[in-house]
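Since the structure comes first, as structure tokens, the remarks are kept for the end.
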Amino acid sequence: MTNAYVDLKLVEEKVFKDPIHRYIHVEDQLIWDLIKTKEFQRLRRIRQLGTLYLSFHTAEHSRFGHSLGVYEIVRRLIDESFIGHDAWDNKDRPLALCAALLHDLGHGPFFT
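Under UniProt numbering, the sequence shown has 48 at position 48, and the numbering climbs by one with no breaks.
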């Protein structure tokens with residue numbers, strides 16, 4: 001993967017509406033391409049809390065929504081706190097965002 005690809009921005013920012021974060025913003029081509037993969041889309045069908053929704057009717061969120069939420073938290077942290085900070089290397093931004101987005105990719109159903 002070349003730096004040119006990592007640094008590519010989308011022509012039009014993608015926005016997911018979210019009940020916790022209100023809006024999740026995706027502006028990087030790399031992140032959008034990862035979200036579109038069948039492996040990431042599979043997370044839509046896996047519940048974050050397994051069968052807990054049977055006891056708690058509001059515990060219905062998916063690993064897809066959770067992973068997007070973690071991505072958004074890390075994106076905000078980086079964009080609002082670390083840019084221009086001496087300890088932060090801007091080359092690490094894509095790595096941190098990918099790690100946040102993909103941290104649940106290996107989980108299967110009922111894995112807690």
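Heads up, the beta-carbon is just placed ideally off N, CA and C, and yes, glycines get one too.
Nearest Cα to I24 within the set V74, N90, T37 and P94: V74. Exposure of Y5 is indicated by the presence of fewer than 16 other C-beta atoms within 10 angstroms of its C-beta.
By a beta-carbon distance limit of 8 angstroms, R22 does not contact I46. Their separation comes to about 24 angstroms. Only residues of its own chain outside the window of five on either side were considered, and among them V26 and W32 have a CB closer than 7 angstroms to the CB of K14, listed in chain order. Classified as exposed, L77 has fewer than 16 neighbouring CB atoms from the shown chains inside 10 Å of its CB. Just measuring C-alpha positions, the residue of P19, L30 and E39 sitting nearest G106 is E39.
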